[in-house]
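One structure is given here, and the rest of the page talks about it.
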Amino acid sequence: MTKQIRLIGEHPDNTHPFGKWLAAKDIPDSDTKCHRELTESIEVDDELIEWMARKIIDHHYTQFRIDRLKEKYGSLGFPQYAEQHRKLPIADKVKKGNATEVLLTDYLQTTQRKEFIKVFKLKYNPNVDQAIKGDDTLMVDLFEENGNEKIKIYLGESKFRKTPSKAVIGDITDSLSKDMLPLSYTFLVEEIAKTDEPLARKLDDYIVQDIKDRGDLIYAGLLLSNTDTSEKVETHLSSDNPNLVFISVGIDDPEGFIESVFVKAEELIANPDLL
Numbered sequence: 001m002t003k004q005i006r007l008i009g010e011h012p013d014n015t016h017p018f019g020k021w022l023a024a025k026d027i028p029d030s031d032t033k034c035h036r037e038l039t040e041s042i043e044v045d046d047e048l049i050e051w052m053a054r055k056i057i058d059h060h061y062t063q064f065r066i067d068r069l070k071e072k073y074g075s076l077g078f079p080q081y082a083e084q085h086r087k088l089p090i091a092d093k094v095k096k097g098n099a100t101e102v103l104l105t106d107y108l109q110t111t112q113r114k115e116f117i118k119v120f121k122l123k124y125n126p127n128v129d130q131a132i133k134g135d136d137t138l139m140v141d142l143f144e145e146n147g148n149e150k151i152k153i154y155l156g157e158s159k160f161r162k163t164p165s166k167a168v169i170g171d172i173t174d175s176l177s178k179d180m181l182p183l184s185y186t187f188l189v190e191e192i193a194k195t196d197e198p199l200a201r202k203l204d205d206y207i208v209q210d211i212k213d214r215g216d217l218i219y220a221g222l223l224l225s226n227t228d229t230s231e232k233v234e235t236h237l238s239s240d241n242p243n244l245v246f247i248s249v250g251i252d253d254p255e256g257f258i259e260s261v262f263v264k265a266e267e268l269i270a271n272p273d274l275l
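Position one of the sequence shown corresponds to residue 1 (the UniProt record's numbering), numbered consecutively onward.
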């Protein structure tokens with residue numbers, strides 16, 4: 001078993017969109033490097049674009065808002081109503097940042113074959129064309145093992161670049177250094193409390209530093225960029241964090257992919273009966 005599998009799980013097979021689209025290679029790890037390389041197995045197609053667009057919508061819109069859009073669809077003034085309650089960003093930089101957050105969050109749940117406890121913070125952004133502060137990805141796995149309750153936390157940092165660089169690789173690893181703790185754990189607990197207070201109380205009893213000290217705080221960095229990404233990461237990745245996996249996603253046209261995904265997401269929001 002590779003260190004990458006031990007920390008974040010196995011890459012899915014081709015029955016899942018991630019496995020169909022991306023091939024994985026776990027590069028042999030060292031004291032300063034644990035890298036999973038993801039590269040395209042197939043060209044981006046309409047099916048993949050729509051799958052990712054629906055993920056984008058799931059992360060940005062509450063079910064209440066989707067239901068209201070469906071109720072209002074076809075009525076006079078629907079375009080103005082949809083624009084008033086727009087949650088998808090228009091700013092290019094924010095689109096790219098949000099999309100990589102979505103990729104990382106959903107990839108980790110896919111490799112672990114489970115839904116984690118989480119809050120989609122993009123739903124709570126009051127200014128959709130500004131990046132929201134806080135952890136890019138923060139998820140909690142609460143489970144039983146040998147009759148005992150166990151907890152793991154997954155903390156992630158994700159970035160998009162048209163071309164990969166030493167600087168952005170350093171930015172990601174610096175954000176996930178061995179001393180880093182989640183910024184948004186209290187926010188997650190308090191949001192969970194709105195719908196499931198018993199679960200929130202359980203989470204609230206845990207001390208994050210204790211979880212980290214047991215080795216159960218897992219760190220994941222993700223860089224989405226062009227086909228040179230893996231090579232750049234291999235050259236420049238150096239981290240003091242033994243619990244960090246760096247995921248490089250190198251695709252042929254990363255900018256075109258993000259733009260196509262948001263065009264499709266806007267199309268679905270404009271026709272919410274398709275959701």
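Backbone N, C-alpha and C define an ideal beta-carbon position, used for all residues, glycine too.
Legend entry - For I36, the three-state DSSP class (helix, strand or coil): The amino acid at residue 36 is misidentified as Ile; the sequence shows Arg. Strand.
Legend entry - Residue closest to L224, alpha-carbon to alpha-carbon, out of Y206, I258, N14, V128: I258
Legend entry - Assigned secondary structure, I169 (DSSP; H/G/I helix, E/B strand, else coil): helix
Inset, instruction - Tell me the start and end of each unbroken beta strand (DSSP E) in the segment 99-145 that is at least 3 residues and wholly inside, in chain order. - result: 137-145
Legend entry - Distance, K133 Cα to D193 Cα: In the sequence as presented, Asp is not what sits at residue 193; that position holds Ala. Distance between the alpha carbons of A193 and K133 is about 21 Å.
Inset, instruction - With a floor of 4 residues, list each alpha helix (DSSP H) that falls wholly inside the segment 174-202, ordered by position along the chain. - result: 185-193
Inset, instruction - Kindly give me the distance between the Cβ atoms of L138 and Y185, rounded to whole angstroms, as I take these residues to be in contact under 8 Å. - result: 7 Å
Legend entry - Meets three-Cβ-pair contact criterion under 8 Å: the segment 101-120 and the segment 78-87: no
Inset, instruction - For the beta strand (DSSP E) containing I251, list its first residue and its last residue. - result: Note, I251: premise wrong, no beta strand (DSSP E); not H, not E.
Inset, instruction - Would you mind working out which of E267, N271, F262 sits nearest A91, comparing C-alpha positions? - result: F262
Inset, instruction - In angstroms with no decimal places, state the Cα-to-Cα distance between T32 and P79. - result: 51 Å
Inset, instruction - Return yes when at least one heavy atom of the ligand SAH lies under 7 Å from the C-beta of K202, else no. - result: Among the components of this structure there are no ligands whatsoever, and the ligand SAH is therefore not found.
Inset, instruction - Using three-state DSSP, classify P89 as helix, strand or coil. - result: coil
Legend entry - Inter-residue CB distance, G250 and N226 (contact presumed, cutoff 8 Å): 6 Å
Legend entry - Inter-residue Cα distance where the pair is A24 and Y81: 43 Å
Inset, instruction - Please determine, among D13, E234, V233, H60, the residue with the shortest C-alpha to C-alpha distance to R113. - result: D13
Legend entry - Check whether I169 and V245 have beta carbons under 8 Å apart: no
Legend entry - For G162, three-class secondary structure by DSSP: Inspection of the sequence shows that residue 162 is occupied by Lys rather than by Gly. In this structure, K162 counts as coil in the three-state DSSP scheme.
Legend entry - Residues near T229 in its chain [Cβ-Cβ closer than 7 Å; skip 5 each side]: P164, L223, S248, V249, G250
Inset, instruction - Go ahead and label L183 buried or exposed: buried means 16 or more other beta carbons lie within 10 angstroms of its beta carbon, across all protein chains shown. - result: exposed
Inset, instruction - Could you check which residue in S75, V140, N98, K96 has the C-alpha nearest to that of E115? - result: V140
Legend entry - Residue nearest to T195 in terms of C-alpha spacing, selected from E267, G147, K118, H236: K118
Inset, instruction - Could you tell me if Q130 is buried or exposed, where buried requires 16 or more neighbouring beta carbons within 10 angstroms of its beta carbon? - result: exposed
Inset, instruction - Compare the beta carbon distance of L181 and E157 with 8 Å and say whether it is the shorter of the two. - result: no
Inset, instruction - Tell me whether M52 is buried or exposed, calling it buried when 16 or more other Cβ atoms sit within 10 Å of its Cβ. - result: buried
Legend entry - Close Cβ partners of K72 (< 8 Å) along its chain, the five nearest in sequence each way excluded: F78, Y81, A82
Legend entry - Residues of its chain near I211, where Cβ-Cβ distance is below 8 Å and the 5 sequence neighbours each way are ignored: I151, K152, I153, L217
Inset, instruction - Starting from P79, follow the alpha helix (DSSP H) in both directions and report where the run begins and ends. - result: 78-84
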